[in-house]
Structure formats: structure tokens, C-alpha cells
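Student: Before I ask anything, let me first share the structure, which is written out below as C-alpha cells.
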Amino acid sequence: MKYAYYPGCSMECNAAAYEMSTQVVARALGFKLVEVDDWNCCGATEFFSQDELTASAVVARNLALVAPELNQLVAPCAACYLNLAKTDRLMQDNATINAKVNEALAAGGLKYKAGRVRVRHLLDVIYQDFGEERIREKVVRSLEGLRVAPYYGCQVVRPIKGDDSTEYPLHMDELFKWLGAEVVDYPVKAHCCGGHMTQISEPQAFELIRRLLQSAVDYEADMILCMCPMCQLNLDAYQSRVNGFFGTNFRMPIVYFTQMLGVALGFELKELGFGKELVSAEPALRAKLAQRASV
Amino acid sequence: MGAHSEGNHGSAFLREVIADTPGGERIVHCLQCGSCGGSCPSGADMQYTPRTIFAMINANQRDAVLSANTMWYCVSCYLCMTRCPQNIPITDVMYALKRLAIAEGKARGTDAPALAKTFTDILEKYGRSFELGLASRYYLLNRPMAMMKMGPMGLSMFTRGRMALLPTKIKNLDQLQAIIKKARELGEAS
Amino acid sequence: MSKAKGKLAVYWAASCGGCDIALLAIDDKILKVSEAFDVVFWPCAADGKVHDIEKMADGEIDVCLFNGGIRTSEQEYMAQLLRKKSKVLVAFGSCAHEGCIPGLANLNNRQECFDTAYRDTPSTENPQNVRPRHETQVPEGTLYLPVFYDTLKTLDQTVPVDYYLPGCPPEADRIWDAIVAILEGKLPPPGSVIGSDTTVCDECPRKRTEKKIKKFHRTWEIIPDPDTCLLEQGLLCMGIATRAGCGALCPQVNSPCIGCYGPNNDVKDHGARMMSALASVIDSQDPGEIQQIIEEGIPDPVGSFYRFGLAHSLLRRGKLAADGNGHK
Amino acid sequence: MSDETFEPKIVGFMCNWCSYRAADLAGSARIKYPPNVRIIRVMCSGRIDPTFVLKALSLGADGVMVAGCHPGECHYIDQNYKAMRRFGMLKHMLAAMGVEAERVQLVWASAAEGQQLADAVEKLVADVRALGPLNWPGNWNEHKDRLEAIESMVKEHAEAMEVLP
Amino acid sequence: MAERVGIYVCHCGSNIAGTVDVEEVARWAGQHIKDVVVSKDYKFMCSSLGQAMIEEDIKTKGLTRVVVAACSPHLHEKTFRRACANAGLNPYLCQMTNIREHVSWVCTDKAAGTEKAKALVSASAERVKYQRPLEPMYVDVNPATLVVGGGIAGLQAALELADAGHPVYLVEREPSIGGHMAQFDKTFPTLDCSACILTPKMSEAGQHENITLLTYSELEEVSGSVGGFTVKIRKKARYVDYDKCTGCGICSEKCPRKVIDTVFEAGIGERKAIYSPFPQAVPRIPVIDVDSCLYFTRGKCQVCSKVCPTNAIDYEQKDELIEVKVGNIILATGWKLFDCARMPQYGYGRLANVFTNLEFERLCNAAGPTNGKIVLRDGKTEPKSVAIIHCVGSRDVNYNEGCSAVCCMAALKLGHLVLEKTNAEVYSFYIDMRTNQKMYEEFYQRLLAEGMHFVRGKVAEVTDAARNPDEQGKLIVQCEDTLLGRQRRIPVDMVVLMSAMEPQADAKELGLKCGISCSMAGWYTERHPKLDPVATMTDGVFVAGVCQGAKDIPASVAQGAAAAARVQGMITKGRVMIEPIVATIDEEGCSGCRICNNLCPYNAIEFDEEKKVSRVIAALCKGCGTCVAACPAGVITGAHFNNQQIFAEIEGALWDAAAAKTEEETATQSVSA
């Protein structure tokens, strides 16, 4: 299976662990991610707050650059996924915007036929296209005993309705059940991580982060699994500041779902980018996996 | 198409917002149920809840709406939008209001426009986002004091190889800039 | 048959010539025809000249069997001439009756027909891009060719017609039935099609049940069951909407009817009838799926439903861009 | 090619129970819509034969509306699905004949949807207006040189006959 | 011989004449339309003078066809047909043209309106020449009636008819009649006990000499038409002999197998494998649920058979198909509850103490699983606070766009019961409070006085994610209090979801069997929403109760009675007229291709295997014309809507376009001369 791949800016540096583990897992599952040549930033939420048409054109450049023989584009970042998918949909639904975006693209010698590329999030590809049977086959190190809290965030499950619920998504839950983990059914798994509010109103952003961490703690999770660099950054990098702000004492490791999938597939922690998280996942991993080794 | 959506009905501001939002014509169906304001993670901090904003739009309170903090507290989580019993694209309306507020210089008491501006400047210059550049430029220009608090976290990030010192530039920057230029022209023309 | 001999004319306009051959396929009965008629004009079989006809009195010919549609100014002239000189004008065969295969060129205009014939076909060698022209100057003076029309018309779109003999070509037995009717003076009211008024299904021995079609197949895609209705197997068989008379020749050899006998009496538009019937039994209630079944199964709707009747249909031809002179 | 003075002539085939009543309702509610559609009532959209549409176009209509009850709401249970299928088939054929898709439109309107019906008429009229006149019979006009050619042939034959004994 | 056409153009006061130059239309028609011998305009054609004018012209001028250009034929077609018939002209030779609803009322420009009116008059005039005389058909009405659904609406209808002396077959798919009303504790706004007012009606129906009760039965097939339907009904096997059983109940008492009752107890109570849903069930004959019965699933047990004093248990019983003949059918099939799990934000199914309103009704009901005690899912703890959430799955385009009509009042009633039976605080979260019937607003006032808390706002979510110690262990109801314009989080112990009423899952299928359709929302479509609310588009089929749209008990009872009254009218009349608009097949031309065979939803087309032709059974044909349009040989004719008539109408409607065409054709064809 072959997909066009749009890593997005975060994957280059901040979310290097996500990128590393994604590549490792992709190889192990036997699917090929062909990086879109010379892709540009998706504009995040900021560009759309300023100029919708220009933002759409900036996003559409990436769609236009997808190799003609490929018609599915995989994005690991929630914001990138949504911007790409939403722009494609907007162009399909709105003839005026479609025409203008294409006129803008033409200034760069490009064109894009709305609907040509199906934009998908990485989780969806792993969950749907590989499915339970094949993934179970590949598990060499069951995650039994580990209590994981899948965290979906917002923009992969909303507003574009896929096969999963927009309120109470289950795909990552199921994936980790296949891997043997104990999945924590906590209520805030599709609530907001604070997004870019960290830049706008810290008290507000910290409160949103606290709610997520608190709920995971209440449900006795060993770690939170992320599927978006922004969510990971907010929950991980700001965790110490949240503790400072509220006087709490969270030590909740925040890792990418691909990292833990890689663990289950038998890869070494290092190749999966462990150690890059600010709140280390190693104690939890060691405790649980060692426990099992002794059994 | 029909008399209700094409004619001169509804407040002038309502028509303006509808024209600026894809799917915006659903606004007229608002039941004032408040499931948006109830769902919003920032609901408690908003000056007006989205529902109130719709009532204000209907009442043509243009200035009050555009200088409200509501849209700047929108985190784009889309919970309100998927829960709205009338399928109003609430998050998209917030984007439209942000654009109008920036265009009219009404965005007061928030750094969000500045952040957005910094972000787009970097995008235009390099084609990719650049976190260190974004953070330092934005904080230096807008919030020098806050920069201090960010220090330790930035350092941790840096030591774990999660913060780049130099931006990545895309190869065909000319092409991107040409597209942006053309798009801006088209936007202004309409 | 001791009466004085009648006068018979046979003419061949825009058609393949198969109708002339079909007329001879009545075998030795042709001798009975020559007993009854003097053949005054039959360019394919006898050496008659147009000016001989022009010299005749109006209505002097008793019967004219006219095959072929009207595509050129010469054919139009001949149609008018033979109409004037004949008591009974018969549109003989599908071309004269409905336009037939030449009428399918009505999806294009004159220019496009020429492009195909004189430029685009693989076997064409025409470096100077020579095209037929109405007038050509030579040292000896001006030479004329007939003007080639944008639209092929049927005989009755050009001149009034008394009877129609359908088929591509008409079956020999049906031709003989018609000749007998003429000889015995037992003709139906003028304007009629001489033939049956049921459809091919009436003559088709296949077993039929209620119909539901989920997918249309092209003929090469399946090997049809020899005893079951071809349409029920998803083959686009025009038999349901096509006049009987051929004895269901094609379905009998496992090949769907292509509709050469045209529609029944009182049917205004053969293709529309077929489309309406066929679409009614598509087994889906989902617009997307319906469209898919139609578009995948019937890639050439005009060629399928109007293979023989396009020129005679309500629309008659494809749309021409209007530039005031009918040219694209 | 749109013409300022061009008033499209449109025939609307409507079912007795839903779309015709929707048109009645549009009237009772005094909803204004362009006067271009001439409505022909049939009992059910299932009665609408593609022949009717072709007949209208061949007589010079610029557009046609085919209207019935919403799918699943047919007064005759599910006959409007047959209309839906026939319309699909007709659309496919008309495209091959070069008729613009906007000229023949399928509309579902319940008896309560006067406004929707009026909107649909407005859209159809606007679409057809933008396309310009169809003038299908005009497609059958032959070149002007046709008459001259026939005349010259008659002359040629006459001259040839003079030469003969 | 040419027809003699009369054209009559109505002013309708200024209704038409205001936007259409009616004099001009009449003048033009008289001059330009072929075969028109008289063309007049008149102030009010439908007045007796207007009708008299037409009658007079038919008699004195020998008119053979009449066109009336006025309002919609749905209003006055009958009037003008009658006028023609009075003058001796077959009524089907009269055609109405709608120049009011379709022209004057929708046009703004008088010139354009006049042109459109001309085209419509021309269309009708061309068409009318091809119209043929038709004779209406009559059928006798069978006085027996089928009522489908034994809820309160169906019960009411059945009792009204039976009391009037007519036989009724009452079909109910559950083991007992009673419907949803039997599940409730109290009814609003009077708070009288639901069972107390319902059970007398149930037993009356059970004992009525004119009512044949067919419980645990379902409608299989309907054929025929108004006056004479034949209905096949499946009587599901009860495994209990109806005649031997005395309803003593020992079998259920001794049955060792308990299961969750998802129907009558809404999933919060239990029943046995052999059971009667509730003590006052009618009939009291139990049924065996074969999916849980130990004997049927494992082959052992037979306790019921052993304890039955009358030997009524019959494990060999089979489903029985019976056939009844009736003249009319009343559908009163009710509703089902919206599946609250479809809105995960309310936590139903995940959070134990979130209840549906139906579950809660059973909790409150003295005969319910908790004997009327309001307790949490654990079965013992009394809640200290209860939230009642309105509009769950209703007023929401994602689920059901419409309002369920009863939930506001039901929420007030349930709130009252909580306040009466417990010490709990009660919160009602509503969008709009709808209390618009007799004594309803007063009931709202009563609850305000009783101290129920009202929060105006649609609840965003119900969560167990506590943000502070006060919220720990509670269900937190988060919403915007729209009166305060502020987000609120209210911790409670128990949540009740006022779930939407939805059409029965098989409503559409049953509708198809009876020949009626459903609205977009899935409710049965009435003939007219205001003026004919219980009749349907299919003659002889009526609807009553919630199956026609969400409504409360008084409205359901009213509709049940109304439907019965309509049926009585039919029975008293004795025979009904059927429009002669039917299809016929010319057997000579039919080749038996069988395209038409499965196009008819009324099975009115039969295939003659011997002659290999298809044939229309006129009595079953409803005249839609679908087969006419489908016949590939063009040998099916639709009376009053045949090809010739419609072609002429198209030609007439395009008279001005056609005129333009002829000019062009004349120009190009002149060479033929």
C-alpha cells in the first residue's frame, strides 16, 4: 500500500518522536509513505483567521503537489489533516472558491481538481486499512498490564464526520486493545488540549490542560497517547508550568500512539524517539513491562 | 436562491457574516438553545457565548460583536459545531468574525492578531513554520516579560532536540509567494 | 395477372446498398415482379437515366421503392423528382424510413464528417487535405458536386411518403408480403408501416419473467443463457421496443436485438420508449447508484437507443452550435 | 450567450399530489417566481415519459422541469423512483446529444414546499437564461447554399437534355 | 367531426384579473385556438351564474368540450365537472386550467401573466379535444374495519366503531393491548393514574361482541382497495392454547427463567420466559418467549406445562396465517423511543444513572420494578438531585428535526413525581417550554410553585469528569444558562433524558403494504394537514395517533374517534366512487415482454401465461400511469392522461415557440414547392 505523506512542520523537529515512530511503524506494517515534494506549511489556524482565500490557496498547493499516481494523502498532525481535508471539501462545495484557488495556483503553474486526493489521518489508515487481524499478527510484545488513555483531541474527529464518533471516538481504543493494553475509558478523550490558547491566554489554556491530565489521573492511566504534535506539546511541555500554576503534581507521560504501537511491534525505545518527551515515559514503561517479564 | 436568503431580509451585519462564512446561511436557524456556549471549553471566559453573538448579529450590533473577545477564545475544537442542533458552522463563523475584526482593527485586548501576523510572515518567508523564530519574534515584539517564563521550557525542548535554531526553507519559495500574491489580489478584487 | 404492366422505380440514396440486395433476396419471385412491372429506373441493376424520369409525366410511375436517407442536394432532388413522378412512394428499408446508421452522423456536422473521412481515419492518405467542394474550377470551366448537408433527413422529412417498409434491411419475406399487397391492391391506409404491430418479443422464444436489472453488460462480457430473456441477463436487447417482423433473428442466435425494425405504430420516439422502459426496471433507489449503473453499462446511449432512428427521432440530431448557419 | 430580452420557455411536468400542489401552495402563499414555466399536470412523476421532455424540446422549449414527490414520499408508494431512474437515463442521453444538463432538471417538492418549488423554478429559469435560447428546431436548418445547389442541378440537367437529340 | 370547444376565463374578482388581462385571454383564445366556438370571461366562474352560463352554452351552442381557466383543479374541478354533467356533457370532457395559483398569484407583471395564462389556456384547449368520456366506477363497502395498533388511539377507534354496531378486527403485535400508555404512572396535567383510565377501555375492547382481538399478531399483506380489502394477518405462536387458558398466571409464577424485559419494563425490570406483560393485560393469555425459554433453548424444563391446571401449554403450536375481509383500515401504530446512545455526550449507556424517560416512567410506576420508588441504578439509593433534560433527539436536524410535542409536559409531570416522592432537587433543562393546551400552562405554574428549578438551555454534555471536589462522584450537567448568558455545571445524582418520539422502525414497510406514504420525518402522511388529518391519499386507509405525528393522549384519542367517524361515514354510505382514471393494455399489441409486471406497487398488472400478455386489473389500478410511460411497445393507455392528450397539451403550451419554429421550417422547406 502506497500513500502520499504530508508530515507538516512539527514533525521536522518538535514532534521528531512522532516522525521517527511513524516511519518505523510504517515500515513494519509494510506501507509506503511518499513524502509530498517541497510541501509547505498548512497555515495552522492562524492563516485562516486572516484571509480564507489565501489560506486555502496555501493549503491547496500541497494538494496540487501530490504525485498524480497517488490519490490518498496521509497526515499525522490533526491540524494539518483538518486544513487539508477542509480545503479540499470547501473547493468541492464552493465553485467560486474553487475557481479562485485554482486561479491563484495557476500563478505558480499548478492546478488541483477538488476531490482528487482523499485526505486521511494516520490513525485512520492504520485502523481501517490494516485492521485488527493483521495488526494482531504483528504484535511481538503485548502491552498487557499497561493502562493507556487514548487522547484524540478535536480536529481529527471533528467537524468532518468519519466512521468514528465525533463525541466518543473508539478507533484508538480498539487499536490498543488489539495490542493487549488496558484502555482507560475516560470522559475527556476528545476534549480540547488548549490548542494555541497557550499563546493567547495562559490561564485558560492551563485549565484545559489540567482537566485532561486530571481525568487521566482519576482513571489511573499510566500514560496518555496522542495523535497530534500540538496536543503532545501542550500536555507534555506545559505540564510543569501547569503544576506550578495550580500547585498540582502531575507526572503523566504523553507519548505518540505510534511510539507505543512500535513498542508492541517489538522495536527499541530509542528508534521510536522515546526520551524526547519532557515527562519521561520510561519509568512507567519499565515498571509495567518489567512486571510482566517477571510474571 | 429563495426570497429568504437572497433578499434584503435580516440585519445588514447578518447578511455580511453569511456572505463571509461557507454554510453561513444556517445562522438564521439558530434556536438560541445554547448548546454551543455550553459545549465550549472557553465558554466560561467568553465575554459573549456564541449563541449571544448570533443574537447580537441578528440585532445588527456590529461594533460590539467585532470588538468582543469571543472569537479569540475559540480554540477550533468544533464541539459546538458538531453538537449544534441546527447545523450552524459555528467555528467557521468565528473565523469569519476574526477576519472581519482584524480587517477593521477591532481586535482589541488580545495578542491573537499579532500572533497570527507573525505566523503568516514566517510562512511567507520560509514556506514552513519555525517555532523558535515564531516564539522569539512574537514574544520579543509583543510580550517581552512572558519570554522569561518560557525560558526553562524552551531549554528542555532544545536539549531534547525538539527545537530548531534555523528555519527550513522550501525549494520553490517563488512559486508559493506567487500563489499567495495572486490569492491576495483575488481576495481584494471581490 | 393479365392487367397492363405497371411501372416500377427503385432508387438508392444515402444507404449501404443492402436494401437493393435484399430486394433480390426474394429469389425467383423477382420474376413475378418483372411479370407485373416494367422496371423503368433502378440505377443499381439497370441502365436508366435521370433525364428519362424527368421527361415522364407526373404520376407515371406506379410504385417507387426508395431506399436511403437524404444527405446531399442530389438526393433531395431525386426524392422530389421521384415523388412527383410516382403514384406510390415507398420508404424502403431503415435508411429511408428512419435514417439508420448514416443518420448517426447527425451527432456531428458536415465539417466533422469530412474531417473523419478525409483526414482522421488511419487509412487516409491526403497530404494536400483535399475536401469535396460544391464548385471546382478547371480550365474547361466549373465542375459541380452535390452539396453535403449537416443533417441527414429521412425520406418523409423531405417529401410525403405513402408507405414504409422497415428493417435494415427489410426481411425478404416481408418484402414479398408488401409486393403481394401492392399487386393485389390490399394496401393499408396511406402513411402506414407495412408490417406487424407487435414487438420482437412476440417472435422471441426465450423465457421471460418479471424484470429487475442491477447491471448492464456489453455483449462480450457475458455468455448469455440461451433460453432466458437477454434483457433479464443485463444485455441491452432492443427487442421489447422494436417492431416484430424479422422473426427475432438476432435473439435466436444469442445476440441482443439492435432495433433495426424501428418502433411500433404510434411510438413517437424509439429511443425514448426504450430508455423509459429500461430505466423503469433498474434495480436501485439510490440516485448515485442509478447513475453509475447507467453510465457504466451504457457508455454510448445514442448509439444504443438510436442506432437506427436518430434522424427520425424527436430531436433528429445532436446540438449544433448556433452561428447563424448551423456550423459549429 | 445570454440575451437581455430572452425569456426562456419552460415546460414543467408535475405530479398531481406533491409538486403540483406545491405550485398551488406557492400561489396561495403569494410567493413570486418567474412566469416562464408552463405547468402540465400528470397523476404521478412515474407517468412522465422521456418522450414528453424530448417533445417539448423539439417544439422549441428552452428548458424542462420534471417534478415529483420526494423519494420515499410518493403518493403511489415508490413510483417516483421510476421517474428518478428515467431522468438519470435521459440526462445521460441528452448529454450525448449536446443538451446542457441545466436545461432539464429534476425537482422533488412535497405539497408543503411551495417555497422550495418556487426556488427551483427560479434556479431553472436563471440557469436557462444564462445558457441562452435552445431553439432546437433551428438545429435542423440546412445551409443556404442548399437551394442554389438544387437549382443549379436542375439547370445542368436541362442543359444536358438540350444537347441530346 | 371537429370538436366544439367552449373557453371560460374567470376573473376571480381581482384575484386573477389583477395580474392577468382576462378579457384579452378570452378574446385571444376565441380568435387563435382552432375549434373554439365560444370564449368568454366572467367575474366568478364558480358562482351559480357562472356555472349556469356554461350549462346554457353546452345546450344552445352544442359544445362538446369545455375549458375553465380559473383556480386549481384541486378546488373546483368537481364543481365544473358537475356543471357539465348537468347539461348532459360527460364530466371528463371538461378541463380546468389553473391561472390563479399558477399565474396571477405568483406573477408580478401583468403582461407576463397574461402571456403565461394564454399558454396554459392553449395547452388545455388542445388537450381537451382529445379527452374521452369516462364513466365513474362504484364499489360496495364492507362494514368490517381493521384497526392496526392497540394503543390508546387504536382502542378508541375500535370501541367507537364497535359501539356503533360494526365489526372490528383489532391487531396488536405485543401480547397485550394498551400500548405505551399502559407503561406510564400518571398522566398530565390532571395526574390521574394512567392504568385507572386505560384498563377499563382495554377490558371493554377485550369483551366487546363486535371486536375480534388479534394480539401477538402482525399484518402480513394487504390487497384490494377501498370498500373491499383482503388482509392477511400472522398470529404468532403463543404456545398457549387460547381457549384452554384461564389466565391464572401460575405458569409465569413457576417459570424458572427470568429475563430483562426490554419492552414493557423498558429494560429496567424483569419478566419470565412465559409471561403476560403486566397484571391487567388484555387478553391475559401469556406467551412463551422462545429465545429465552429453557425448553425451547435447551430442550429441558416444561415446568409451565406441568403446573398448568388446564393443560393449555402447547409447545407444538405454529404461527397461524388468517385472512380477513374489511372495507376500511385504520393505522394507529404509534411510535418508538429515540435511541439515546446516539448522543454520546449525554452518557446514556456509559453512565449508569442516566435514564431515558420511559425507564423513569417505570421507576415511578407503582406496579413497576421498584414498586414506584425512585432510586438510582443500584436499586436502593434515593437521589438527592435529578436533572431532566428536554429535547433529546428532537428539535435537532442531526436526529429528528421536529418537536416531539409531549416532552415538556411529560418532563413537568416527572418532575412533579420526583418532588412528591423524594426530597431531591429537580432541575429541568429546556430550550422552550411548550405548554399550549388546556390546563397545561397552569400545570407549569404549579411546578414553578413546587420549587422545580428551570434552566433555559440545551444541555451540552453530561459527564463524570469532575473539576473540583463538589463534583466528585456526581453526574455533572454542563450547559449554557441562556437567561444568564453564562456556562453552568450542575452536579446531580440522576439524569432523565426526555427522548424524542420516533416513527416505528417498520412504519414505512407497513405503509407500503397499505399503500400510504410517510413524510421525510417518517410519520404517515395525512390527506390534508389541517382539513383532513386522519384520511390518507389512499381511499379507505386512515391514520390515528402518534403514527401520524408526535402528539399527546388527548389528541390521540381525538384522532382515534375522528378516524372511526370517517369510517362510519363510508359504511353508512354503502358504496364509494372510484375515479375511472386507470390504465388499459391493448392485448393485440402486447408482446408479453413483462417490463410492466413488477412496476405496479398495487399488483394491478397480471400476466396471462397462456396468452402471453399482461393485463391491468382495473379495480386495483390507481391510475398513476407509470406502466403507461414504461411500456416499450406503447400499448398501455392511461385514461385521461394518454399520450395523445399530453402531446397536445405540450404543443398547446408551446404554441408561441411552435409558431416560431413553423416560420423557420417554412423558410427552409420552400424549395420543395
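Chains as they are written, first to last, in the numbering used here: chain U, 1 to 295; chain C, 296 to 485; chain B, 486 to 813; chain H, 814 to 978; chain Z, 979 to 1651. Yeah, the Cβ is synthetic: ideal placement off N, Cα and C, and Gly gets one too.
1) Would you mind giving the Cβ-Cβ distance between B/Asp838 and B/Ser798, rounded to the nearest angstrom? I have them listed as a contact below 8 Å.
2) Measuring straight from C-alpha to C-alpha, what distance separates U/Gly109 and U/Cys41?
3) Does DSSP classify Z/Asn993 as helix, strand or coil?
4) Do you know how far the Cα of U/Asp37 is from the Cα of U/Val379?
5) Report yes if the CB atom of Z/Glu1480 is closer than 8 Å to the CB atom of Z/Asn1621, and no otherwise.
6) Determine the DSSP secondary structure at Z/Phe1407, reduced to helix, strand or coil.
7) What does DSSP give as the partner residues of Z/Phe1585 in its beta bridges?
8) Using 8 Å for Cβ pairs, my map puts Z/Cys1233 next to Z/Lys1250. What's the rounded Cβ distance?
9) Any idea what DSSP makes of C/Gly422, helix, strand or coil?
10) How would you label B/His536, buried or exposed, when you count the other beta carbons within 10 angstroms and need 16 or more for buried?
11) May I ask whether a heavy atom of the ligand GTP can be found less than 7 Å away from the beta carbon of U/Met1?
12) Indicate the three-state DSSP secondary structure (helix, strand or coil) for U/His121 in the structure shown.
13) Under 8 Å, Cβ to Cβ, is there at least one residue of chain B near H/Lys868?
14) Residues in its own chain within less than 6 Å of Z/Glu1403 by CB, not counting five upstream and five downstream?
15) To which residues does DSSP link B/Asn552 through a beta bridge?
16) At what residue ranges does the stretch 1169 to 1198 of chain Z contain a whole run of the beta strand (DSSP E), taking only runs of 3 or more?
17) Is H/Met827 helix, strand or coil when you go by DSSP?
18) Given Z/Gln1029, which residues of its chain have a CB within under 6 Å of its CB, disregarding the five upstream and five downstream residues?
19) Considering only residues of the same chain and omitting the five flanking positions on each side of U/Leu212, which have a CB-CB separation below 8 Å?
20) Quick check: the stretch 930 to 945 of chain H against the stretch 822 to 838 of chain H, are at least 3 beta-carbon pairs closer than 8 Å?
21) Measuring CB to CB, does B/Ile775 end up less than 8 Å from H/Arg860?
22) Near B/Leu716, what residues of its chain come up, given a Cβ to Cβ distance below 7 Å and the 5 sequence neighbours on each side ignored?
23) Roughly how many whole angstroms lie between the Cα atoms of C/Pro384 and C/Gly338?
24) My output table needs one value for C/Arg479: the three-state DSSP class, helix, strand or coil.
25) Taking only beta-carbon atoms, is B/Lys514 less than 8 Å away from chain Z?
26) Look at the Cβ atom of H/Trp953, then the Cβ atom of B/Arg801, and state whether they are nearer than 8 Å.
27) What residues of chain Z sit near H/Ala874, judged by a beta carbon separation below 7 Å?
28) Just to make sure I have the definition right: I need the residues of chain C whose C-beta is within less than 8 Å of the C-beta of Z/Asn1376. Which are they?
29) For the alpha helix (DSSP H) that contains C/Asn353, what are its first and last residues?
30) With a Cβ-Cβ cutoff of 8 Å, do U/Ala237 and U/Leu278 count as a contact?
31) How far does the beta strand (DSSP E) with Z/Arg957 in it extend, from its first residue to its last?
32) Verify the CB distance criterion: does U/Ala165 have a CB-CB separation below 8 Å to chain Z?
33) Along the stretch 360 to 373 of chain C, where does the CB come closer than 8 Å to a CB of chain Z? Name the residues.
34) Which chain B residues sit within Cβ distance under 9 Å of H/Ser858?
35) Using C-beta distances below 6 Å, list every residue in its chain close to Z/Lys1399, excluding the 5 sequence neighbours before and after it, in chain order.
36) For chain Z, find out if any of its Cβ atoms is closer than 8 Å to the Cβ of B/Phe696; answer yes or no.
Tutor: Per the coordinate set shown:
1) Residue 838 of chain B lies beyond the residue range present for chain B, which begins at 486 and ends at 813; the question has no answer from this structure.
2) Going by the C-alpha atoms only, they are around 19 Å apart.
3) Three-state result, Z/Asn993: helix.
4) With chain U represented from 1 up to 295, any question about residue 379 of chain U goes unanswered, as that position is not in the structure.
5) Contact check for Z/Glu1480 against Z/Asn1621 fails: the beta carbons are separated by 8 Å or more.
6) Z/Phe1407: strand per DSSP, three-state reduction.
7) In the DSSP output, where bridge partners are listed per residue, Z/Phe1585 has Z/Ser1592.
8) The pair is a contact, with the Cβ atoms about 4 Å apart (cut-off 8 Å).
9) Collapsing the DSSP output to three states places C/Gly422 in coil.
10) By the neighbour-count rule (16 or more Cβ atoms within 10 Å), B/His536 is not buried but exposed.
11) This structure lacks the ligand GTP, and indeed carries no ligand of any kind.
12) Strand at U/His121.
13) Between H/Lys868 and chain B, the shortest Cβ-Cβ separation is below 8 Å.
14) Setting aside the 5 residues that flank it on each side, Z/Glu1403 is surrounded in the same chain by Ser1363, each with a C-beta closer than 6 Å to its C-beta; the list follows chain order.
15) Answer is B/Trp497.
16) Here the runs fully enclosed are 1189 to 1192.
17) When DSSP states are grouped into helix, strand and coil, H/Met827 belongs to the strand group.
18) Closer than 6 Å at the Cβ level, and outside the excluded window around Z/Gln1029, lie Ala1061.
19) Here the set comprises Tyr151, Val188, His191, Cys193, Ile224 and Leu235.
20) By the Cβ test, the stretch 822 to 838 of chain H is in contact with the stretch 930 to 945 of chain H, since at least three Cβ pairs between them sit closer than 8 Å.
21) In this structure, H/Arg860 does not lie closer than 8 Å to B/Ile775 by Cβ.
22) Lys696, Cys722 and Ile725.
23) Spanning the two alpha carbons is a distance of roughly 17 Å.
24) In this structure, DSSP gives C/Arg479 a helical state, which the three-state scheme calls helix.
25) Answer no: the Cβ-Cβ gap between B/Lys514 and chain Z never drops below 8 Å.
26) Contact flag set, yes.
27) Residues of chain Z passing the Cβ test: Leu1632 and Ala1635.
28) Ordered by position in chain C, the residues that pass the 8 Å Cβ test against Z/Asn1376 are Pro380 and Asn382.
29) Per DSSP, C/Asn353 belongs to the alpha helix (DSSP H) from Pro345 to Asn353.
30) The criterion of a C-beta distance shorter than 8 Å is satisfied by U/Ala237 and U/Leu278.
31) Outside the modelled stretch of chain Z, which goes from 979 to 1651, sits residue 957 of chain Z, for which no answer is possible.
32) A small fix is needed here, since residue 165 of chain U is Ser in this sequence, not Ala. At least one chain Z Cβ lies under 8 Å of U/Ser165.
33) Residues of the stretch 360 to 373 of chain C that bring their beta carbon within less than 8 Å of a beta carbon in chain Z are absent altogether.
34) By Cβ distance, chain B contributes nothing, its closest Cβ being about 12 Å from H/Ser858, past 9 Å.
35) Answer for Z/Lys1399: Ile1352, listed in chain order.
36) Per the sequence shown, residue 696 of chain B should be read as Lys rather than Phe. Yes, B/Lys696 lies at the interface with chain Z (some Cβ there is under 8 Å from its Cβ).
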